[in-house]
Amino acid sequence: MLSAILLCLVSGLAFVWYNLFSNVARMKRIAANMPRPKEFPFIGAALEFGSTSDTILQAYFRFSKLGPVVQLWIGPELYVLLSDIKDIELILQSNTLLKKAHIYDLLHPWLGNGLLSSTGEVWRKQRKILTPAFHFKPILEEFCEVFHHNIETLVGKIKKQVGSPGFNISPYISLCSLDIVAESSMGTTINAQVQSDSKFVTAIGHAAFITLYRALRPWLLPDILFKLSPSGRLYYEQVKVIHDFVDQVVRKRIEERKAGIKVVVDLPGESVYSKKRKALFLDTLLNYNDNGIGLSDEEIKNQVNTIMFAGYDTTTSSVSFILYALMKYPEIQEKVHKELTDLLESADSVATYEDYQNMKYLDCVIKETMRIYSIVPYVGRKAEEDVVLPSGYTVPAGASINMFLYGLHLNEERFPDPTRFDPERFNDEQSTDRSAFAFCPFSAGPRNCIGQKFAMLEVKAIVSAIVRNFKILAAIDCPEPLIGSELVLVSRTGIYLRFENR
Numbered sequence: 092m093l094s095a096i097l098l099c100l101v102s103g104l105a106f107v108w109y110n111l112f113s114n115v116a117r118m119k120r121i122a123a124n125m126p127r128p129k130e131f132p133f134i135g136a137a138l139e140f141g142s143t144s145d146t147i148l149q150a151y152f153r154f155s156k157l158g159p160v161v162q163l164w165i166g167p168e169l170y171v172l173l174s175d176i177k178d179i180e181l182i183l184q185s186n187t188l189l190k191k192a193h194i195y196d197l198l199h200p201w202l203g204n205g206l207l208s209s210t211g212e213v214w215r216k217q218r219k220i221l222t223p224a225f226h227f228k229p230i231l232e233e234f235c236e237v238f239h240h241n242i243e244t245l246v247g248k249i250k251k252q253v254g255s256p257g258f259n260i261s262p263y264i265s266l267c268s269l270d271i272v273a274e275s276s277m278g279t280t281i282n283a284q285v286q287s288d289s290k291f292v293t294a295i296g297h298a299a300f301i302t303l304y305r306a307l308r309p310w311l312l313p314d315i316l317f318k319l320s321p322s323g324r325l326y327y328e329q330v331k332v333i334h335d336f337v338d339q340v341v342r343k344r345i346e347e348r349k350a351g352i353k354v355v356v357d358l359p360g361e362s363v364y365s366k367k368r369k370a371l372f373l374d375t376l377l378n379y380n381d382n383g384i385g386l387s388d389e390e391i392k393n394q395v396n397t398i399m400f401a402g403y404d405t406t407t408s409s410v411s412f413i414l415y416a417l418m419k420y421p422e423i424q425e426k427v428h429k430e431l432t433d434l435l436e437s438a439d440s441v442a443t444y445e446d447y448q449n450m451k452y453l454d455c456v457i458k459e460t461m462r463i464y465s466i467v468p469y470v471g472r473k474a475e476e477d478v479v480l481p482s483g484y485t486v487p488a489g490a491s492i493n494m495f496l497y498g499l500h501l502n503e504e505r506f507p508d509p510t511r512f513d514p515e516r517f518n519d520e521q522s523t524d525r526s527a528f529a530f531c532p533f534s535a536g537p538r539n540c541i542g543q544k545f546a547m548l549e550v551k552a553i554v555s556a557i558v559r560n561f562k563i564l565a566a567i568d569c570p571e572p573l574i575g576s577e578l579v580l581v582s583r584t585g586i587y588l589r590f591e592n593r
């Protein structure tokens with residue numbers, strides 16, 4: 092009996108081993124004509140990335156100089172790095188290449204089968220249900236109300252720093268953004284700006300960092316080894332903290348609705364319930380459920396976790412680098428301030444949804460910052476079949492495709508003098524004939540960022556409030572930004588700025 096079990100076990104391992112390495116051999120054969128960086132046995136190019144966020148980003152720029160298509164092996168995993176617009180456009184606009192790259196699988200314990208990681212019909216159903224929450228004007232107007240009182244807290248905290256030689260603005264933006272995304276997605280106040288040491292707040296930061304840490308260490312990719320590692324144990328502890336909090340919020344909201352505390356969410360073509368409090372993301376999902384066309388409770392929790400993950404760190408990075416750019420270019424900062432004072436009577440005036448739509452020059456400044464400081468430096472897909480690229484290379488089935496958006500945004504053909512900060516690149520006249528794939532900070536195509544309208548509104552709300560209240564100046568005797576790539580663009584040394592009251 093024991094020998095039969097051992098025989099089955101050995102046979103199973105041999106089958107897995109054969110399939111893994113026969114597929115690796117096939118991928119290597121197809122990708123043989125692609126340039127590649129220095130590699131080491133078993134771990135491939137993993138050491139080329141270094142161990143810090145700045146060396147990771149430097150490695151991507153180094154790799155992209157090898158050619159428009161580069162093969163990168165990390166253990167048995169093949170990553171194909173693309174930086175040419177035609178190749179990237181083919182992948183992003185495809186209706187079949189919709190599966191996210193391998194790194195997104197690492198998020199599954201945290202995000203489940205949510206919009207970010209799901210594929211096929213599951214993804215299509217989720218996308219259809221979630222789209223109104225981020226694109227329908229009345230809901231976006233409700234989000235603006237959430238922005239305002241949380242940003243008031245942020246402005247108050249910055250005022251306490253006026254007169255200091257400088258401080259790192261990023262943690263302040265991070266906590267404000269976390270308050271906004273939590274209230275917008277769950278309808279609950281977590282007071283991150285007041286209680287920054289809360290378990291939920293710290294758990295999100297730890298879980299995001301460990302995901303990237305794991306992705307660059309081939310020996311941690313197998314789930315069984317990761318779970319046994321110190322970083323794996325910490326990761327699952329932090330994920331449990333996040334899940335427990337979200338579960339509690341969702342369960343409470345379901346109970347409130349059963350008790351008759353309901354809201355209006357005017358979805359296209361229908362009106363649901365009488366208004367008794369703000370209609371936010373969670374309520375939108377639950378209203379669909381009441382009509383029998385929605386998601387299960389578990390799927391709803393996955394979506395809330397996904398929005399929390401995707402929402403707060405991208406906004407933190409965006410706003411931090413925008414403020415840094417406004418400090419570097421005071422004439423641009425004053426032009427933004429003039430636009431805001433022309434639109435709004437005073438620093439205390441509450442901006443409306445329509446006001447944000449009319450901040451045209453600020454819109455250009457935000458986009459130019461997102462071009463020079465690409466907030467999401469790369470996006471990934473999984474090739475489930477061989478893909479012939481316009482550049483002539485073939486991506487083999489089983490490979491992950493990494494599209495280097497940062498390199499794309501600094502392309503001299505699309506953006507002459509690409510390192511020069513020039514918001515006018517994004518005025519109506521200069522943007523008209525530019526390919527939609529030349530600048531895609533929110534990705535592009537069918538799997539673009541569903542929350543980009545929400546994100547732009549939030550960024551405008553935070554930046555406009557700060558510029559209306561303060562002059563942004565260079566910090567004194569503080570470190571310069573050391574730019575690197577985690578899951579989003581970051582500065583390892585922080586973003587140090589100085590503020591004066593206007």
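Everything in the sequence shown is counted per my numbering, starting at 92 for the first residue and increasing by one.
Ideal Cβ positions, reconstructed from N, Cα and C, are used throughout, including at glycine.
Computed from a prediction, not measured in an experiment: that's the story for all the values here.
Judged by DSSP secondary structure, N493 falls within the beta strand (DSSP E) whose first and last residues are 491-495.
Counting only runs of 4+ residues, the alpha helix (DSSP H) found wholly inside the stretch 470-515 occupies 496-500, in chain order.
Per DSSP, the continuous beta strand (DSSP E) segment holding G575 begins and ends at 574-576. Secondary structure note for L564: its beta strand (DSSP E) is the uninterrupted segment 561-565.
Excluding five sequence positions before and after F234, the CB atoms of its chain that fall closer than 8 angstroms to its own CB belong to S275, L371, F545, L548, E549, given in chain order. Check the Cα spacing between E139 and each of K318, G158, I165: the tightest is with I165. Taking all protein chains shown into account, H239 has fewer than 16 neighbouring C-beta atoms within 10 Å of its C-beta and is therefore exposed. Annotated as distal: P487 and R127, with beta-carbon spacing of 8 angstroms or more.
Of the residues assessed, L319 falls on the exposed side of the cut-off, its CB having fewer than 16 other CB atoms within 10 angstroms.
The C-beta distance from S491 to A192 rounds to 4 angstroms, short enough to meet the 8 angstroms contact threshold. A distance below 8 angstroms separates the beta carbons of I333 and W201. Note on geometry: alpha-carbon atoms of D513 and R342 lie some 48 angstroms from one another. Between P532 and V441 a beta carbon distance of about 28 angstroms is seen, past the 8 angstroms cut, so the two are scored as non-contacting. Annotation: the stretch 116-187 contains the following complete segments of the beta strand (DSSP E) (minimum length 3 residues), in chain order: 160-165, 168-173. Under the DSSP definition of a beta bridge, S582 partners with I574. Each of N204, I281, Q217 was checked against the Cα of N241, and the nearest Cα belongs to I281. Beta-bridge partners of K191 (DSSP): R472. By a beta-carbon distance limit of 8 angstroms, F291 contacts F336. Their separation comes to about 5 angstroms. A contact is defined here as three or more CB-CB pairs under 8 angstroms, and the stretch 169-182 fails this definition with respect to the stretch 304-324.
For secondary structure counted as the alpha helix (DSSP H) over 4 or more consecutive residues, the stretch 206-232 holds these complete runs in sequence order: 211-226. V285 counts as exposed, since fewer than 16 other beta carbons sit within 10 angstroms of its beta carbon. When secondary structure is reduced to three states using DSSP, Y587 falls in the strand class.
Straight-line measurement puts the Cα of G483 at about 34 angstroms from the Cα of G542.
Pairwise C-beta distances place the stretch 469-480 out of contact with the stretch 246-262, as fewer than three of them are shorter than 8 angstroms.
Listed in chain order, the non-local C-beta contacts of Y195 below 6 angstroms within the same chain comprise S208, local neighbours out to five positions each way being set aside.
For Y447, the enclosing alpha helix (DSSP H) has its first and last residue at 444-448. Just so you know, the alpha carbons of C267 and K129 end up roughly 42 angstroms apart. For V330, the enclosing alpha helix (DSSP H) stretches over residues 321-349. According to the DSSP assignment, W201 belongs to the alpha helix (DSSP H) that extends over 199-202. Taking C-beta atoms as the reference points, L580 and T302 fail to come closer than 8 angstroms.
When secondary structure is reduced to three states using DSSP, S113 falls in the helix class. The beta carbon of E232 is closer than 6 angstroms to those of Y444 in its chain, skipping five residues each way along the sequence. The continuous alpha helix (DSSP H) containing T407 extends over residues 388-419. Each residue's CA atom was taken as its position, placing L206 and I391 some 10 angstroms apart. Sorting V160, T143, S144 by C-alpha distance to the C-alpha of T485 places V160 at the top. Between L173 and N502, the CB-CB gap reaches or exceeds 8 angstroms.
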